[in-house]
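Asks:
And the structure:
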């Protein structure tokens, strides 16, 4: 398994601003993932972040809106840019350990006013 | 493409009742199957998994069997507790076209009353 922490755990932001979410894992992992969970909904994958390469974004998500950094094998950041109330969600990072199994962080609860 | 279908919630049960949450899937190849649980205000926790047909995953009194013939992975618990109140997500991964990504079902909210 893996122990994953995220910062901040929650935030309230004004529209038009940006927020950077940090994800730290206690061991080196190749694949990290960022998800969005809108209120009362399931998880939607935003992007896959592998160390040493550009993040791969899913359909409907773009780098200008959700830039991702992956500077090493234990850390990643997701920025939510130029926020609007529609960006209010829980943002979760996860890591792959072993074959196909993902472990999740506690999430960042974002409210945009 | 891959997809996961779960029974809709909320499912409301009394303590010590039997719980079943249905999950069926569509996938290319031979996926791995997972159940995750999300307690109120928390992230997702891996509950159990199965990687091949007829495998049974189990944890904390929960069980699920990978049924290839019915493309199902139903979650069961014989006697639920109030502390089992949460949202349960079925997911699949490990197909040749998934590239490590997981496909999640919509989630099923379970409410257990004393």
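Protein chains in written order, with the numbering used here: chain A, 1 to 113; chain B, 1 to 114.
Just so you know, even glycine gets a beta-carbon here, dropped at the ideal spot from N, CA and C.
Pull up the distance between the alpha-carbon of residue 14(B) and that of residue 54(A), whole angstroms please.
Replies: Rounded to whole angstroms, residue 14(B) to residue 54(A) spans 49 Å at the Cα level.
Asks: Counting along the chain, where does the beta strand (DSSP E) carrying residue 2(A) start and finish?
Replies: No beta strand (DSSP E) contains residue 2(A), which DSSP labels as neither H nor E.
Asks: Which residues of chain A have a Cβ atom closer than 8 Å to the Cβ of residue 32(B), listed in chain order?
Replies: Ordered by position in chain A, the residues that pass the 8 Å Cβ test against residue 32(B) are 99, 100, 101.
Asks: Got a sec: is the Cβ-Cβ distance from residue 99(B) to anything in chain A below 9 Å?
Replies: Cβ-Cβ to chain A under 9 Å: yes for residue 99(B).
Asks: Under 7 Å Cβ-Cβ, which residues of chain B neighbour residue 106(A)?
Replies: Going along chain B in sequence order, the residues near residue 106(A) (Cβ under 7 Å) are 42, 43.
Asks: Quick one: Cα of residue 54(B) to Cα of residue 95(A), how far?
Replies: Whole-angstrom Cα-Cα distance: 27 Å.
Asks: Should the segment 76-93 of chain B be called in touch with the segment 101-111 of chain B, which here means at least 3 C-beta pairs below 8 Å?
Replies: The segment 76-93 of chain B is in contact with the segment 101-111 of chain B.
Asks: Do you know how far the Cα of residue 76(B) is from the Cα of residue 41(A)?
Replies: So the alpha carbons of these two residues sit roughly 22 Å apart.
Asks: Does residue 48(A) come within less than 9 Å of chain B when only Cβ atoms are used?
Replies: Yes - at least one Cβ of chain B is within 9 Å of the one on residue 48(A).
Asks: Check whether the Cβ of residue 73(B) lies closer than 9 Å to any Cβ atom in chain A.
Replies: Answer no: the Cβ-Cβ gap between residue 73(B) and chain A never drops below 9 Å.
Asks: Report back the beta-carbon spacing between residue 107(A) and residue 22(A) to the nearest angstrom; my notes put them in contact at under 8 Å.
Replies: In fact, because the Cβ distance is near 13 Å, the residues do not count as touching under 8 Å.
Asks: Can you give me the C-alpha to C-alpha distance between residue 45(A) and residue 79(B), rounded to a whole angstrom?
Replies: So the two alpha carbons sit approximately 33 Å from each other.
Asks: Is residue 10(A) buried or exposed, if buried means 16 or more other CB atoms sit within 10 Å of its CB?
Replies: Exposed, since its Cβ has fewer than 16 Cβ neighbours within 10 Å.
Asks: Return helix, strand or coil for residue 3(B), following the three-state DSSP convention.
Replies: Reduced to three states, the DSSP call for residue 3(B) is strand.
Asks: Which residues of chain A have a Cβ atom closer than 7 Å to the Cβ of residue 107(B), listed in chain order?
Replies: What residue 107(B) touches in chain A: 42.
Asks: So does the segment 48-66 of chain A actually touch the segment 1-11 of chain B, counting three or more Cβ pairs closer than 8 Å?
Replies: No, they do not touch.
Asks: What does residue 19(B) touch in chain A if you count any residue whose Cβ is under 9 Å from its own?
Replies: Under the 9 Å cutoff, chain A gives no residues; its nearest Cβ is about 20 Å from residue 19(B).
Asks: Under 7 Å Cβ-Cβ, which residues of chain B neighbour residue 78(A)?
Replies: Those within 7 Å of residue 78(A) in chain B number zero; the least Cβ separation is about 14 Å.
Asks: The beta strand (DSSP E) with residue 165(B) in it runs from where to where?
Replies: Residue 165(B) is absent from the model: chain B starts at 1 and stops at 114.
Asks: If you compare alpha carbons, which of 87(A), 101(A), 17(A), 111(A) is closest to residue 30(A)?
Replies: When only C-alpha atoms are compared, the closest one is 101(A).
Asks: Which value, in whole angstroms, describes the spacing of the CA atoms of residue 17(B) and residue 62(B)?
Replies: Approximately 13 Å between the Cα atoms of the pair.
Asks: Over the uninterrupted beta strand (DSSP E) stretch that includes residue 34(A), give me the two end residues.
Replies: That run of the beta strand (DSSP E) goes 31-37.
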